[in-house]
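Encoded as C-alpha cells, the structure appears first; notes follow it.
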Amino acid sequence: MSIIKIKLLETEAPGFHVTLTANDGKFDSIDGFLPALPPELESSLSNWQLAYHQLEKV
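So the sequence shown is numbered by the working numbering: it starts at 112 and just counts up by one.
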C-alpha cells in the first residue's frame with residue numbers, strides 16, 4: 112500500500128504551494144501550485160457549513 116503525503120504551504124500570493132510525496136518511491140516528489148478558492152465555491156462552502164451546523168445532533 113502506498114502512502115501519499117500532500118503538503119500545502121500558504122504563500123504571500125493568493126493560493127497554496129503544494130508538494131506530493133509517496134513512501135514507495137514509485138515517483139519523485141511533485142511540486143505545484145493551487146490557486147485560491149473561487150468566490151462561488153467559497154460561498155457554496157459557507158452555505159453548506161451553515162446548513163450542516165443547523166442540523167440536530169443525532
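For glycine and all other residues, C-beta sits at the position ideal for the given N, C-alpha and C.
These figures come from a predicted structure and were not determined experimentally.
Ala162 in three-state terms, based on DSSP: Within the sequence shown, residue 162 is the residue found at index 51, counting from 1. Residue state, collapsed to three classes: helix.
Checklist entry - So does the segment 119 to 129 actually touch the segment 142 to 162, counting three or more Cβ pairs closer than 8 Å? => result yes
- prompt: If you check the beta carbons only, do Lys137 and Ser155 fall under 8 Å apart?
  reply: Counting from 1 along the sequence shown, the entry for residue 137 is found at position 26. Counting from 1 along the sequence shown, the entry for residue 155 is found at position 44. It is not a contact, given that the beta carbons lie outside the stated cut-off.
Q) Just the Cα atoms here: how many angstroms apart are Glu121 and Gln165? A) For this step, residue 121 is matched to residue 10 along the sequence shown. For this step, residue 165 is matched to residue 54 along the sequence shown. So the two alpha carbons sit approximately 31 Å from each other.
### Query
Do Leu131 and Ile141 come within 8 Å of each other at the CB atom, strictly closer than that value?
In the sequence shown, counting from the first residue as 1, residue 141 sits at position 30. In the sequence shown, counting from the first residue as 1, residue 131 sits at position 20. Against a cut-off of 8 Å, the Cβ pair of Leu131 and Ile141 comes out as a contact.
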